[in-house]
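Peer 1: Residue numbers (my numbering), protein chains in the order written: chain A, 529 to 655; chain B, 529 to 655; chain C, 529 to 655; chain D, 529 to 655.
The structure under discussion is supplied below as structure tokens; questions concerning it will follow.
4 protein chains.
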Amino acid sequence: MPRVFKVTDIEQEEKEIKKDYFDRHTPVVICADEVTKGEKFLVKVRVGTDYRHPDDFNHFINFVQLWNRETLLAEARFLPGTFGNQPANPEVDFYIVAPQVSMNLTAMCLCTQHGLWSSEAKAVKVV
Amino acid sequence: MPRVFKVTDIEQEEKEIKKDYFDRHTPVVICADEVTKGEKFLVKVRVGTDYRHPDDFNHFINFVQLWNRETLLAEARFLPGTFGNQPANPEVDFYIVAPQVSMNLTAMCLCTQHGLWSSEAKAVKVV
Amino acid sequence: MPRVFKVTDIEQEEKEIKKDYFDRHTPVVICADEVTKGEKFLVKVRVGTDYRHPDDFNHFINFVQLWNRETLLAEARFLPGTFGNQPANPEVDFYIVAPQVSMNLTAMCLCTQHGLWSSEAKAVKVV
Amino acid sequence: MPRVFKVTDIEQEEKEIKKDYFDRHTPVVICADEVTKGEKFLVKVRVGTDYRHPDDFNHFINFVQLWNRETLLAEARFLPGTFGNQPANPEVDFYIVAPQVSMNLTAMCLCTQHGLWSSEAKAVKVV
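The structure is reproduced here in structure tokens:
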């Protein structure tokens with residue numbers, strides 16, 4: 529399998545030296561901590577926090593995926609140029625329906641030059 | 529090519545008889561009428577307005593796409609169950625960057641039982 | 529909806545003048561004329577016949593789709609560079625299972641600069 | 529990130545007890561051991577070897593991907609029913625162009641009930 533990059537797996541020293549590189553490739557899951565069974569809620573997936581990623585023809589974010597544990601919920605695909613061919617934080621808002629049990633959401637994204645990246649997990653309590 | 533369904537192509541009488549059928553399959557592009565060159569803006573694509581579409585394993589909305597004229601900008605894919613296996617208006621918010629010239633946005637969506645559907649066009653002035 | 533280009537809709541004169549342009553964007557469905565109910569068979573989708581399409585970062589074939597009437601059967605996605613960044617006839621072989629009734633297959637493909645293109649229909653008798 | 533299942537990571541005893549389960553979810557990369565720089569060659573990705581996977585509406589193989597190290601080359605997506613709603617070994621033939629340096633190909637696939645699976649790596653010498 530392709531290596532999957534994840535910031536929490538990387539040594540502290542390397543992380544500080546290449547802070548911008550890690551930041552701009554790391555997807556983040558943003559949503560409520562607690563949601564209601566059977567109700568729709570918003571989950572934003574954004575790539576990068578303090579640094580923006582290029583949107584060049586030969587270097588762009590091709591997709592972001594939203595997973596609940598081993599289940600893929602949704603995926604968004606972008607073409608080069610969607611973000612105006614300028615550095616950006618690719619983002620997408622999905623609206624999903626809370627199941628019966630608590631969720632453990634993660635996002636993944638693909639950079640066409642630097643491979644597959646994973647977010648940290650986001651626990652979502654279902655009440 | 530597969531037939532593409534579009535409400536504006538359908539006769540008034542048929543539209544009234546099968547209002548719920550057309551409504552629940554028709555994607556809608558929702559965004560500002562006017563945006564600023566090079567600035568990010570939100571485009572919501574939502575399937576259905578007054579009626580909800582099933583999210584059954586054998587009958588679900590598989591994808592929505594956002595186009596600017598002949599250019600595909602972004603696509604979101606869903607798995608059956610993303611919307612809790614209950615009727616829903618699948619929706620997704622894309623964040624795109626306004627180009628130099630005005631846009632003519634359309635959305636398309638695929639129902640696994642009833643094929644490919646198109647929205648009406650949404651003109652977006654770029655200033 | 530985005531305009532869908534299809535060679536059979538284009539005037540003879542224009543077709544001759546821009547023969548290479550139409551050829552290199554037109555997907556073709558290649559498979560047996562007759563297949564057996566419930567049996568797997570191969571369907572090749574190839575883009576272009578006499579002319580090759582660029583595989584440049586800013587100009588490539590992003591996807592090909594295989595449809596049976598209004599039903600999407602399968603889709604293949606490519607990244608720029610899959611074909612070595614040199615002109616090619618993108619192709620993919622799908623293996624599908626013949627249903628109970630005869631099929632009417634079409635392919636579609638997306639060029640990132642020139643939009644969505646459709647093949648001619650290919651009738652497949654199921655016996 | 530979602531757990532990625534890979535047969536070579538699994539204990540011998542567990543593998544024997546659940547041989548059919550592992551086999552039917554494991555993608556396999558099938559191609560020549562040696563290819564020529566700049567030449568097109570066929571890469572088959574097949575899911576399962578001795579056991580077939582269901583093609584049920586609530587349990588199917590949603591996609592297979594072909595990777596060269598950290599680079600995604602191509603992806604094929606299936607809808608439930610592509611394989612006739614009967615057990616099958618989903619397969620697809622990609623045709624890619626050999627780059628300047630040797631390749632290390634892997635395939636991944638997604639089962640809608642049992643998550644993301646990886647093949648073993650297939651080394652391909654480029655001459």
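Every residue gets a Cβ at the ideal spot worked out from N, C-alpha and C, and that includes glycine.
1) If contact is defined by three or more beta carbon pairs under 8 Å, each pair taking one atom from either stretch, is the region 569-580 of chain A in contact with the region 599-611 of chain C?
2) Quick one: is Val625(C) buried, meaning 16 or more other Cβ sit within 10 Å of its Cβ, or exposed?
3) Of the residues that make up the region 578-598 of chain C, which ones have a beta carbon closer than 8 Å to any beta carbon in chain B?
4) What does the alpha-carbon distance come out to for the pair Asn632(A) and Val655(B)?
5) Would you give the residue range spanned by the beta strand (DSSP E) that Arg605(D) belongs to?
6) Report the residues of the region 597-619 of chain B with a CB closer than 9 Å to any CB of chain D, ordered along the chain.
7) Could you tell me which chain B residues have their CB closer than 9 Å to the CB of Leu521(C), listed as they occur along the chain?
8) Compute the Euclidean distance between the alpha carbons of Arg531(A) and Glu542(A), then round it to the nearest angstrom.
9) Is the beta carbon of Val557(C) less than 7 Å from the beta carbon of Ala635(C)?
10) Compare the C-beta of Asp548(A) against all C-beta atoms of chain B and say whether one is closer than 7 Å.
11) Contact criterion: CB-CB distance below 7 Å. Does Leu638(B) meet it with respect to chain C?
12) Quick check on Thr552(D): buried or exposed, where buried means 16 or more other Cβ atoms within 10 Å of its Cβ?
13) Which residue wins for smallest C-alpha separation from Phe569(C), given the options Phe611(D), His587(D), Trp645(D)?
14) Of the residues Lys534(D), Asp578(D), Thr536(D), which one's Cα is nearest the Cα of Pro615(D)?
15) Count the other C-beta atoms from every protein chain shown that fall within 10 angstroms of the C-beta of Ala602(C), then say buried if there are 16 or more, exposed otherwise.
16) Leaving out five residues on either side along the sequence, give the residues of the same chain with a beta carbon under 7 Å from the beta carbon of His587(B).
17) Which complete alpha helix (DSSP H) runs does the region 542-621 of chain D hold, if anything under 4 residues is left out?
18) Using a Cβ cut-off of 9 Å, pull out every chain B residue sitting near Asp621(A), in sequence order please.
19) Under 7 Å between the Cβ atoms of Ser647(B) and Pro555(B)?
20) Could you give the residue range of the beta strand (DSSP E) that holds Ala626(B)?
21) Give the C-beta separation of Phe622(B) and Leu594(B) to the nearest angstrom, bearing in mind that I take them to be a contact with Cβ-Cβ under 8 Å.
22) Quick check: what's the CA-CA separation for Gln628(D) versus Cys559(C)?
23) Would you give the residue range spanned by the beta strand (DSSP E) that Ser646(B) belongs to?
24) Near Thr564(C), which residues of its chain fall below 7 Å by C-beta distance, leaving aside the five closest residues on each side in sequence?
25) Would you mind stating whether Leu600(D) and Leu638(A) have Cβ atoms separated by less than 7 Å?
26) Using the Cβ count rule (16 or more neighbours within 10 Å means buried), how would you classify Ile589(C)?
27) Would you identify the three-state DSSP class for Thr634(D), choosing helix, strand or coil?
28) Quick check on Glu562(C): buried or exposed, where buried means 16 or more other Cβ atoms within 10 Å of its Cβ?
29) Identify the contact partners of Pro555(B) in chain G, using a Cβ-Cβ distance below 8 Å as the criterion.
30) May I ask which residues mark the beginning and end of the beta strand (DSSP E) holding Val652(C)?
31) Measuring CB to CB, does Asn613(B) end up less than 7 Å from Arg580(B)?
32) Interface residues of chain D around Gly566(C) at Cβ under 9 Å?
Peer 2: In short:
1) no
2) buried
3) Asn590, Trp595, Arg597, Glu598
4) 42 Å
5) Run containing Arg605(D): 599-606, per the beta strand (DSSP E) assignment.
6) Arg605, Leu607, Pro608, Gly609
7) As displayed, chain C neither begins before 529 nor continues past 655, which places residue 521(C) out of reach and without an answer.
8) Their backbone Cα atoms lie some 17 Å apart in a straight line.
9) Taking C-beta atoms as the reference points, Val557(C) and Ala635(C) count as a pair closer than 7 Å.
10) no
11) yes
12) It should be pointed out that residue 552(D) corresponds to Arg in this sequence rather than to Thr. Buried, by the Cβ-count rule.
13) Phe611(D)
14) Asp578(D)
15) buried
16) Thr640, Gln641
17) List check, alpha helix (DSSP H) in window: 547-553.
18) Leu570, Lys572, Glu619, Val620, Asp621, Phe622, Tyr623
19) yes
20) Counting along the chain, Ala626(B) falls outside any beta strand (DSSP E), and DSSP gives it neither H nor E.
21) 6 Å
22) 33 Å
23) 643-646
24) Ala626, Val655
25) yes
26) buried
27) DSSP places Thr634(D) within a strand segment (E or B) once states are collapsed to three.
28) Result: exposed.
29) The structure shown contains no chain G; its protein chains are A, B, C and D.
30) 650-654
31) No, Cβ-Cβ distance for Asn613(B) and Arg580(B) is not below 7 Å.
32) Those within 9 Å of Gly566(C) in chain D are Gly612, Gln614.
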